[in-house]
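Colleague: Starting off with a structure, shown below.
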Amino acid sequence: MKILIVEDNQRLRRSMLEYARAEGCVADAASDGEEGLYKALNWDYDLILLDVMMPKIDGWEMLRRIRERKTTPVIMVTARAQIDDRVRGLDEGADDYLVKPFEMRELMARIRANTRRVENNPQPCLEAGDIMVNTVKRLAYFKDQAVELTAREYNLLEMFMYKRNEVLSREFIYDHLFDERDETVSNMLEVYVYKLRSKFGKDSIQTRRGLGYVFMPES
Amino acid sequence: MIRSIRSQAQFYYGGLVVALVSLILVGFNYYERFGRLKTLDERLDEQLTIARPLMFRGPEERPPPRREERGEDLRRPEKRKPPPPDRFDPLPKLRKEIEVARFREGPQGEEVLASLIRDGFYVLGFKPNGEELFRSENAPDAVVPWVNKRDRAKKRDRDSFQRWSGDFREAIQFGQGRGYLLVGTDASRLHEGLNELMLKLSLVCFALTGVVLAIGWILMGKALRPIDQITKVAQSICEGDSNRRIDTDSIRNELGPLGRILNTTFDRLVRSVQQQIRITADASHELRTPVSVILADCDLALRKESSSERKQETIELCRDTALHMKSLIESLTQMARWDSSSDVLKKEKCDLGQIAEQTAKMFTPLAEEKNVEIIIETTPCETFCDPLAIKQTLANLISNAIHYNKPSGKVTIRTKRIGKSNIIEVEDTGFGISSQDLPKIFERFYRIDKAREIEEGHSGLGLSISKAIVEAHGGSIEAYSQKGIGSRFVIQLP
Chain A
13 MKILIVEDNQ RLRRSMLEYA RAEGCVADAA SDGEEGLYKA LNWDYDLILL
63 DVMMPKIDGW EMLRRIRERK TTPVIMVTAR AQIDDRVRGL DEGADDYLVK
113 PFEMRELMAR IRANTRRVEN NPQPCLEAGD IMVNTVKRLA YFKDQAVELT
163 AREYNLLEMF MYKRNEVLSR EFIYDHLFDE RDETVSNMLE VYVYKLRSKF
213 GKDSIQTRRG LGYVFMPES
Chain B
93 MIRSIRSQAQ FYYGGLVVAL VSLILVGFNY YERFGRLKTL DERLDEQLTI
143 ARPLMFRGPE ERPPPRREER GEDLRRPEKR KPPPPDRFDP LPKLRKEIEV
193 ARFREGPQGE EVLASLIRDG FYVLGFKPNG EELFRSENAP DAVVPWVNKR
243 DRAKKRDRDS FQRWSGDFRE AIQFGQGRGY LLVGTDASRL HEGLNELMLK
293 LSLVCFALTG VVLAIGWILM GKALRPIDQI TKVAQSICEG DSNRRIDTDS
343 IRNELGPLGR ILNTTFDRLV RSVQQQIRIT ADASHELRTP VSVILADCDL
393 ALRKESSSER KQETIELCRD TALHMKSLIE SLTQMARWDS SSDVLKKEKC
443 DLGQIAEQTA KMFTPLAEEK NVEIIIETTP CETFCDPLAI KQTLANLISN
493 AIHYNKPSGK VTIRTKRIGK SNIIEVEDTG FGISSQDLPK IFERFYRIDK
543 AREIEEGHSG LGLSISKAIV EAHGGSIEAY SQKGIGSRFV IQLP
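What follows is the structure, encoded as structure tokens:
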């Protein structure tokens, strides 16, 4: 779950970032509209949290320009609470609208809900073969037995569960697993794939040479 | 009890008019009746004189004059001399009687009777003992001959008197021991004429009164109609339509000034309600961000994996943010105060030059810290103003000038008098304000560099408050700036 937080208030941005990461999200941040737009258009995020009142480019403008090129889900997080603003936000392409002040729990819940919608998997629990993943509690089960996973492992598993039977390139996986702080250390990915294979079965994740990985739990 | 002004006025005023009219009518009635009665009595007396011979002998036969006429002194009780005794002569008395009876039954007597009857009078004669001596044809059956106590009381010193006998008015003449002569007439026709007249008069009077009252009612209604209008407008404003006002052009009487005052009051009320709403909306809006900051960080710190250092950070962050909110609240309160009215100014005679110098000196430590030089070029400017408010305004400007300055920059404060106005200038060599931002800087909560300002606790209201203070004094404030070079704020006060 890779998200972009665009918020000009430095303290709030920092808190949101820390919280999202603590919740297991992979998160980047931008402090104004220009930076946010740049990042949003150049990387693939699973979700963008967008503030409205920002210097340089404001939230409305950013939303418009993102929507020109991408279908990334956008949740507007803003102090503009009037009904007119809310309707405008949703009509101009946002997928959700959250008014400040908000509790972080609610923000996380909305992020998860949006992700489920995007991945076309409305159930909070994902099942495939012997593997069961509870996306709310961030727990995984194999053959009804709880499996211990680190945050990164869980993220990778969740991604695979959402995009099962799809070939995912290494770049794609990499982009969604690591945030801008991480150095490019490519074999980190191999390590996580290895760990998952050992916990859920060797054949669950198959390697496609030159293309990437594909998750096929049924086989 | 009727409660409207119109009804009450109508009731009392109308009542008064009706009472007066009634009084006049009654008075007139009595006066007329009295007059008519007097006339009737005079006629009766006439008829008595005419009828005299039917009862008493000759016109020369006269009763003895009363005591006053004899010229006697009434105060001294004098014994009345007894009249000279009649010669004992039964014949003369009888002779007189026969003579009178002969006259009465003769043609002259007939003629007298007829004349009386023709004029509507009846006549009766009575012997001294009350026996009826004669009566005319038209005399009513029940004529009381006797002189009763009441009549006797009337008689006293008189020789004749009038009395009522049912519907008949009668006059009685005494002959000395020779009986009574009574002439009477039916007085009901007296009433008739009068009653008819009174009825007609009353009808006309009350009809006129009715018309007058009706006109009065209509006129009062017209005069009081503005009250209706005022009530309606006030009601619709109460119900929420705050734009209605009383149409004072159409009111010509004393209610006009009332309407105008009410309109002014409504304006004031509406404006103050709107200001309240705005202040509340501003506050709620501005507080959203600091509260979100606190909430987000607390949510984070309360996670079980957060370290105690992290928690410490959160507590410090909360404190800083709370301080920011505190300054915001104070600014908002200030703004509300200046919004409401200019009466809050406590004006006194002051020297702007001195105030500027004092305020500038307050900032010396801060200026040193920021490596900025303060230059004071003030001249004495006497004016009438609220010194605390002006100090606050200046403090705001100087603080901005220092904060937005370049290192080794300058802040110059000038006061001078040009013509009838006093000018205060605060100039800095700071970053300047872009031409985009310049027109908006006095707007509430307008911030150019939000992140930085919130950190340092600026609320965005400082310049709005300064402007409000200056304008409350009847002055003006202008900002001139060039990006990269500096800015200059000019306050003009009367």
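Chains A and B are the protein sequences, given in the same order. Start counting the first sequence at 13; every next residue gets the next number (the numbering used here). Start counting the second sequence at 93; every next residue gets the next number (the numbering used here). From the three backbone atoms N, C-alpha and C, an ideal C-beta is built for every residue, glycine too.
Per DSSP, what kind of secondary structure is K483/B in: helix, strand or coil?
Modeller: helix
Colleague: Go to C37/A, then tell me how far its beta strand (DSSP E) extends in each direction, as first and last residue.
Modeller: Counting along the chain, C37/A falls outside any beta strand (DSSP E), and DSSP gives it neither H nor E.
Colleague: Does DSSP classify C442/B as helix, strand or coil?
Modeller: strand
Colleague: Taking only beta-carbon atoms, is S365/B less than 8 Å away from chain A?
Modeller: According to the sequence provided, residue 365/B is Val. The question's Ser does not apply to it. No - not a single Cβ of chain A is within 8 Å of the one on V365/B.
Colleague: When we look at the beta-carbon of V464/B and count the other beta-carbons within 10 Å, is it buried (16 or more) or exposed?
Modeller: buried
Colleague: What three-state label does DSSP hand F184/A in the structure shown?
Modeller: helix
Colleague: What's the call for T83/A, buried or exposed, on a 16-neighbour Cβ count within 10 Å?
Modeller: By the neighbour-count rule (16 or more Cβ atoms within 10 Å), T83/A is not buried but exposed.
Colleague: Determine the direct distance from the alpha carbon of D63/A to that of M173/A, and round the result to whole angstroms.
Modeller: Rounded to whole angstroms, M173/A to D63/A spans 30 Å at the Cα level.
Colleague: Roughly how many angstroms separate the alpha carbons of E422/B and T372/B, rounded to a whole number?
Modeller: Taking the straight line joining both Cα atoms gives about 13 Å.
Colleague: Using a Cβ cut-off of 8 Å (strictly closer), state whether A91/A contacts chain B.
Modeller: yes
Colleague: Please state whether DSSP places S228/B in a helix, a strand or coil.
Modeller: Here S228/B sits in coil by DSSP.
Colleague: Does the structure place the segment 320-329 of chain B close enough to the segment 94-107 of chain B that three or more beta carbon pairs sit under 8 Å?
Modeller: Contact fails: fewer than three Cβ-Cβ distances are below 8 Å.
Colleague: For D391/B, which residues in chain A fall below 8 Å Cβ to Cβ?
Modeller: S27, Y31, E115, M116, R117
Colleague: Is any beta-carbon of chain A found at less than 8 Å from that of A375/B?
Modeller: Chain A contact via Cβ: absent.
Colleague: Which chain A residues are close to S384/B, counting only those with a beta carbon under 7 Å from its beta carbon?
Modeller: L24, K112, P113, F114
Colleague: Assign F212/A to one of two classes, buried (16 or more other C-beta atoms within 10 Å of its C-beta) or exposed (fewer than that).
Modeller: buried
Colleague: Please name the residue, chosen from D44/A, Q22/A, K214/A, that lies closest to M65/A on a Cα-to-Cα basis.
Modeller: D44/A
Colleague: Going by DSSP, which residues form a beta bridge with M139/A?
Modeller: Note that residue 139/A is Glu in the sequence shown here, rather than Met. E139/A is bridged to M144/A.
Colleague: Can you give the Cα-Cα distance for A543/B and T475/B, rounded to whole angstroms?
Modeller: Note that A543/B has pLDDT 48, beneath the 50 cutoff, so the model's placement of it is unreliable and the number below is only indicative. Going by the C-alpha atoms only, they are around 39 Å apart.
Colleague: Can you grab the Cα-Cα spacing for the pair D443/B / N335/B, in whole Å?
Modeller: 44 Å
Colleague: Could you check the C-alpha separation between S419/B and R344/B for me, to the nearest Å?
Modeller: 53 Å
Colleague: Please report how far the alpha carbon of A263/B lies from the alpha carbon of L186/B, in whole angstroms.
Modeller: C-alpha of A263/B to C-alpha of L186/B: approximately 26 Å in a straight line.
Colleague: I want to verify the contact list: residues of chain B whose CB lies under 9 Å from the CB of A34/A, in sequence order.
Modeller: Ordered by position in chain B, the residues that pass the 9 Å Cβ test against A34/A are L392, R395, E397, S398.
Colleague: Please report the straight-line C-alpha distance between R164/A and S527/B, rounded to a whole angstrom.
Modeller: 50 Å
Colleague: So is T219/A buried or exposed if we call it buried at 16+ other beta carbons inside 10 Å?
Modeller: exposed
Colleague: How many Å lie between L102/A and M74/A at the Cα?
Modeller: Each residue's Cα considered, the two are about 14 Å apart.
Colleague: Starting from the Cα of R196/B, find the closest Cα among I407/B, E397/B, L216/B and give me that residue.
Modeller: Just measuring C-alpha positions, the residue of I407/B, E397/B, L216/B sitting nearest R196/B is L216/B.
Colleague: Over the uninterrupted alpha helix (DSSP H) stretch that includes Q100/B, give me the two end residues.
Modeller: Unbroken alpha helix (DSSP H) run through Q100/B: 97-143.
Colleague: Alpha carbon to alpha carbon, what distance is there between C297/B and V275/B?
Modeller: 39 Å
Colleague: Is it the case that the Cβ atoms of N167/A and V38/A are separated by a distance below 8 Å?
Modeller: yes
Colleague: Around the C-beta of L183/B, are 16 or more other C-beta atoms found within 10 angstroms, so that it is buried, or is it exposed?
Modeller: exposed
Colleague: Quick check on W256/B: does DSSP put it in helix, strand or coil?
Modeller: strand
Colleague: Can W430/B and I561/B be called in contact, C-beta distance under 8 Å?
Modeller: yes
Colleague: For L146/B and V235/B, which I take to be in contact (beta-carbon distance under 8 Å), what is that distance rounded to the nearest angstrom?
Modeller: With 8 Å as the limit, L146/B and V235/B do not qualify as a contact, their Cβ atoms being about 16 Å apart.
Colleague: Indicate whether the contact test is met: 3 or more Cβ pairs, each with one atom in the segment 128-136 of chain B and one in the segment 251-261 of chain B, closer than 8 Å.
Modeller: yes
Colleague: Of all the alpha helix (DSSP H) runs that stay within the bounds of the segment 300-354 of chain B, which reach a length of 4 or more residues?
Modeller: none
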